[in-house]
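Here the structure comes first, spelled out in structure tokens, and everything after it is commentary.
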Amino acid sequence: MEEKQTKKVRIKYTKSEQLKFIGHLDVMRYFQKAVKRAGFDIAYSHGFSPHQLMSFAAPLALGVTSEGEYFDAEFNSLITSDEFVQRFNEQMAAGMEVKDAILLADDAKKAMSLVAGSDYLITLHDSLTDEQKQKILDYTPHLLEKESIEIFRKTKKSEKVEDIKNGIYELHVEEDKIYMFLATGSEYNLKPDSVIEALCKETEIVYNKFDYHIHRVETYMKNENDELVSLLESGTRITQDSL
994 MEEKQTKKVR IKYTKSEQLK FIGHLDVMRY FQKAVKRAGF DIAYSHGFSP HQLMSFAAPL
1054 ALGVTSEGEY FDAEFNSLIT SDEFVQRFNE QMAAGMEVKD AILLADDAKK AMSLVAGSDY
1114 LITLHDSLTD EQKQKILDYT PHLLEKESIE IFRKTKKSEK VEDIKNGIYE LHVEEDKIYM
1174 FLATGSEYNL KPDSVIEALC KETEIVYNKF DYHIHRVETY MKNENDELVS LLESGTRITQ
1234 DSL
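My numbering puts the first residue of the sequence shown at 994, with every later residue one more than the last.
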């Protein structure tokens, strides 16, 4: 039996304050149900337990908000990018919004294998004193001046001291927030918590993850010139003329 050629689409969405404590597996199930409710002609795998052909880019940590999340899905038929956005958002709960949809080439790699960087904005909560906040903000531009930035990293299998400097592409203060552009993905994955921990270590402030709010701005891949660009640049918007 001849298999039908499917079309690959990359969806960009946001996850805001109301849903920041919903885990990644629940987000996956959320979109699987939204696809059904919206009536999309999504493709399914073959076999005894067919599932929607859908895969997500870099999972978002619990408690983190974002305006630059992505997943890829395969469809048997296409509609325009604007229609994808409209029909998805008719099914979205408060705190989740689809922003765009692009068509990928047939041989396009999955988003999860392309991710190479993410940038974040860190808000310092009022559980820190004004003096502590100012101390961290004042030191932030100087962290990358160090020859190495060592933190103690504990995993399920080991405990070790790790130099995270090469994973920090950019670090500065924007108004009263910390902006950081970090390595993300399978080659090297640096969490923003680790950079905050390093800042606390250097300023002699006890690190408490609840003193900070992390917001992901965008997720990036490398283009043919080895530049970090948005995952949206890997395809084209779907218009009525292109259908």
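Backbone N, C-alpha and C fix where the C-beta goes; we use that ideal spot for every residue, glycine too.
The C-beta distance from Ile-1142 to Ala-1191 rounds to 5 Å, short enough to fall under 8 Å. For the stretch 1024-1105, the continuous alpha helix (DSSP H) assignments of 4+ residues that do not extend past its boundaries occur at 1074-1082, in sequence order. Taking a 10 Å sphere around the C-beta of Leu-1224, we find 16 or more other C-beta atoms and assign the residue as buried. Ser-1187 carries a helical assignment under DSSP once its states are collapsed to helix, strand and coil. Thr-999 has its alpha-carbon roughly 54 Å from the corresponding atom of Gln-1125.
In the three-state scheme derived from DSSP, where H, G and I count as helix and E and B as strand, Thr-1122 is classed as coil. Of Asn-1069, Asp-1075, Ile-1035, Leu-1096, the smallest CA-CA separation from Arg-1003 is found for Leu-1096. Take the alpha-carbon of Leu-1107 and the one of Lys-1215: they are about 7 Å apart. Rounded to whole angstroms, the gap between the alpha carbons of Glu-1211 and Gln-1127 is 26 Å.
Taking 8 Å as the upper bound for CB-CB distance, Ser-1048 and Lys-1103 are in contact here, some 5 Å apart.
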